[in-house]
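Structure, as structure tokens:
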Amino acid sequence: MAVDTPSQSVVKAAGDHARGRSRGTGPKRRAPKRSLATHWYAWAMVAPVVIVIAVIIGYPLGRGIYLSLTDANERNVARTIGVNEIPATYEFVGLDNYKAALTGSQFLSTLGWTVLWTVSCVTITFALGLVFANILNRKFAGRSVYRMMLILPWAIPGFVSVFAWRFLYDERRGMLNQILTGAGLDGVPWLNDPTWAKFAVIAVNVWLGVPFMMVALLGGLQSIPGELYEAAEMDGANAWQRFRNITLPGLRSVSTTVLLLSTIWTFNMFPVIFLLTGGGPGDATQILVTQAYQFSFQISPRDFAQSSTWGVLILVLLMAFAAIYRRVLRKQGEVW
Amino acid sequence: MTTTTPTPQAVNAPIRGRRSPLASVALHLTLIVASVIAVFPVLWVLLTSLKPAKYATTTDFFKETTVENYTNLLRDTPFLTWFGNSLLVAGLTTVVGVFISATTGYAVSRFRFPGKRGLMWTLLITQMFPVAVLIVPIYNIMASLGLLNRSAGLVITYLTIAVPFCAWMMKGFFDGIPREIDESGYVDGLTPFGTFWRLILPLAKPGIAVTAFYSFITAWGEVAYASAFMVGDENMTLAGGLQKFVNQYGAQWGPMTAASVLIAIPAALVFLFAQRHLVTGMSAGAVKG
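Residue numbers (the UniProt record's numbering), protein chains in the order written: chain Y, 1 to 336; chain V, 1 to 289.
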């Protein structure tokens, strides 16, 4: 800016040259150091993350992609039995696994349910989070107590709450069915009927997800300046118009982030499905990730190639989603 | 919480005295119903854990109260060992996770360097990885590094889950801290790291609270990696141990609920500590993120 010293401008120019678009976080006010020295600092600060990610994520990714191009399974991978080392005998099969997955019915039907599961979970969670964030953003007696209670599901480790729900859902002795029979109704086979099980897993995931959504949106609401509402009221805008024209646009930036993250997380929500129904009954609630896990851990012989193929496909789908999402946002003038 | 952040709501709240009594009743009813739904499953587990086995599945709230389930649990399982292991793993994940996501977040927020956009993308993409598919290759890496069955192996794995999200959050948070503060640090002759460590980090407490909470919960409740990497009772974490316990005891709700309560307590404590900062922390992180 106006205070730029010559040397800072040099840094700025070097920075601009080094990497494309500015996000407004330019180095213009940085200490007068040469760009190389500054980069060295930045790189040193991100190095631990980069190294860990490269080793723990990079290698498995490479290996996963490789395995998805082979016919590796439990019987032909390298393994040690007693003192004998048995070398790997699996072979390169090109894109056969992908062809099989994309033309077979199992992948597509699992994908269908995964998409339905993701869309319903994210939509319901977001709607509820928005409602409760708006309620909690008002002033009334007992607000902090309500907020504590509503955030509680987030504070409990996932597998404990999933266990609690299994306990409530239990067909013969669970609380829910005891209430239903007490009221003279028939018990519901919550986890043993394909349709009810789908409903049950979505309900639990929504229960788990609302607190995060609510807290994030509440934070967003608190950053909207109050003057906007005052001005709107003076102009005679009613509650709905204020919500529509001030609250929603004000929440745009936080919403875009949490919607993207929660879509990604829900799509890969392993623990809820795995611990609540194990994918059952049959394969009714099996989403792509749990099915991929089943291929490499729960069937015999364990099918590593197919598992990796599904894993790579999951990744490709999510990356495509993120890219499209970002492009749509950018078209609407959102910088992200 | 009301007392900690009074200003934004005071400014934000609709003009007072306009809510009719009917609307107030509706508001409180909605919140009560929602709170009951939010709290009930957890409360029910707590109540069941205090019932003797023969009443475990009855719907009576209080029939007979006993701590038998807890004493049996502590006697029959290496529960305390598991508990200690989990505490170690989750504690290390939290400390290391917060530190490296803070340095990463700061670097991405303040410096422009080659590879920055790539790094931001990588952090996002890392969250897309299907955990289930990574287990086998990570297992192999850990085996070749000799980290199987050791806390360090689990900590490193959990860091890959927690850090990407935390770094994003911290970046958003640092973006909200005025750059003038960094400048004053440079003027005083601090190095970039010194500025970060002494000036910026103390200002980022709410962000740290959120990332610490997130890292702790991630590590504390994780099941899949824990049960794949840890073998033998003495190395197991609580989550993995409890999983085994479920299979072993089938539908013995009594001990299971007692174990759940004991697991939930440390998480709830961390939550209590962090919750004052959750809303402010999230708003800064997510809004700018």
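Virtual Cβ for every residue (Gly too), placed ideally from N, Cα, C.
Item: For V:Glu-222, the three-state DSSP class (helix, strand or coil); Value: coil
Item: Sequence-distant residues of the same chain with beta carbon closer than 6 Å to Y:Gly-174, five excluded per side; Value: Leu-168
Item: Exposure of Y:Arg-21, with buried meaning 16 or more beta-carbon neighbours within 10 Å; Value: Low confidence applies here, because Y:Arg-21 scores a pLDDT of 40, under 50, leaving its location unreliable; read the following figure in that light. Exposed, by the Cβ-count rule.
Item: Proximal residues to Y:Ser-262 (C-beta, below 6 Å), its chain only, five neighbours per side dropped; Value: Val-122
Item: For Y:Asn-84, the residue or residues it bridges with in DSSP; Value: Y:Ile-81
Item: Close-in-space but distant-in-sequence residues of the same chain around Y:Pro-302 (CB under 8 Å, 5 per side omitted); Value: First, the amino acid is wrong: residue 302 of chain Y is Arg here, not Pro. Cβ neighbours of Y:Arg-302 beyond the five flanking positions: Asn-73, Glu-74, Phe-295 and Ser-296.
Item: Inter-residue spacing [alpha-carbon to alpha-carbon] between Y:Gln-222 and Y:Asn-137; Value: 7 Å
Item: Sheet register partners of Y:Phe-267 (DSSP bridge); Value: Partner(s): none; Y:Phe-267 has no beta bridge.
Item: Y:Ile-135 classed as buried or exposed, judged by whether at least 16 other C-beta atoms fall within 10 angstroms; Value: buried
Item: Neighbour flag for V:Thr-122 against chain Y, beta carbons, 8 Å; Value: yes
Item: Residue burial classification, V:Lys-171 (beta-carbon count within 10 angstroms, cutoff 16); Value: buried
Item: Reduced DSSP category for Y:Thr-89 - H, G, I as helix; E, B as strand; rest coil; Value: coil
Item: Rounded distance between the beta-carbons of Y:Leu-260 and Y:Ala-323, thought under 8 Å; Value: Actually they do not touch by this definition, with Cβ atoms about 11 Å apart.
Item: Proximity of Y:Phe-126 and Y:Met-213 at Cβ, strictly below 8 Å; Value: yes
Item: Coarse secondary structure for Y:Thr-5, derived from DSSP in three states; Value: Note that Y:Thr-5 scores a pLDDT of 38, beneath 50, so its modelled location is shaky; the value from the coordinates is reported in the next line. Of the three classes helix, strand and coil, the one that applies to Y:Thr-5 here is coil, per DSSP.
Item: Cutoff 8 Å: Y:Ile-86 Cβ touching any chain V Cβ; Value: no
Item: Inter-residue Cα distance where the pair is V:Gly-105 and V:Pro-164; Value: 10 Å
Item: Inter-residue Cα distance where the pair is Y:Met-319 and V:Val-39; Value: 36 Å
Item: Minimum Cβ-Cβ distance from Y:Ser-120 to chain V less than 8 Å; Value: no
Item: Simplified DSSP assignment, three categories, for V:Thr-48; Value: helix
Item: Minimum Cβ-Cβ distance from Y:Ser-307 to chain V less than 8 Å; Value: yes
Item: Buried/exposed call for V:Lys-116, threshold 16 Cβ in 10 Å; Value: buried
Item: Coil, strand or helix - Y:Thr-70 by DSSP; Value: strand
Item: Stretch pair the segment 194-213 of chain V + the segment 129-141 of chain V: three plus CB contacts closer than 8 Å; Value: no
Item: Straight-line Cα distance separating V:Val-155 from Y:Pro-87; Value: 31 Å
Item: Inter-residue Cα distance where the pair is Y:Ala-231 and Y:Ala-237; Value: 9 Å
Item: Residues near V:Glu-222 in its chain [Cβ-Cβ closer than 7 Å; skip 5 each side]; Value: Tyr-158 and Ala-239
Item: Residues of the segment 58-76 of chain Y with Cβ closer than 7 Å to any Cβ of chain V, in chain order; Value: Tyr-59, Pro-60, Arg-63 and Gly-64
Item: In chain order, each beta strand (DSSP E) run of at least 3 residues that lies wholly inside the segment 123-194 of chain Y; Value: none
Item: Chain Y contact for V:Phe-111 (CB, 8 Å cutoff); Value: yes
Item: Inter-residue spacing [alpha-carbon to alpha-carbon] between Y:Thr-110 and Y:Trp-117; Value: 10 Å
Item: Beta-carbon neighbours of V:Thr-126, restricted to chain Y and to distances below 8 Å; Value: Ile-53 and Ile-57
Item: Selection from Y:Tyr-41, Y:Lys-331 and Y:Leu-317 that minimises the alpha carbon distance to V:Arg-112; Value: Y:Tyr-41
Item: Spatial neighbours of V:Asp-182 in its chain, beta-carbon cut-off 6 Å, leaving aside the 5 residues before and after; Value: Thr-195
Item: Proximal residues of chain V, C-beta to C-beta of Y:Ser-296 below 9 Å; Value: Ala-132, Val-133, Ile-135 and Val-136
Item: Limits of the alpha helix (DSSP H) - the one that V:Ile-156 falls within; Value: 151-175
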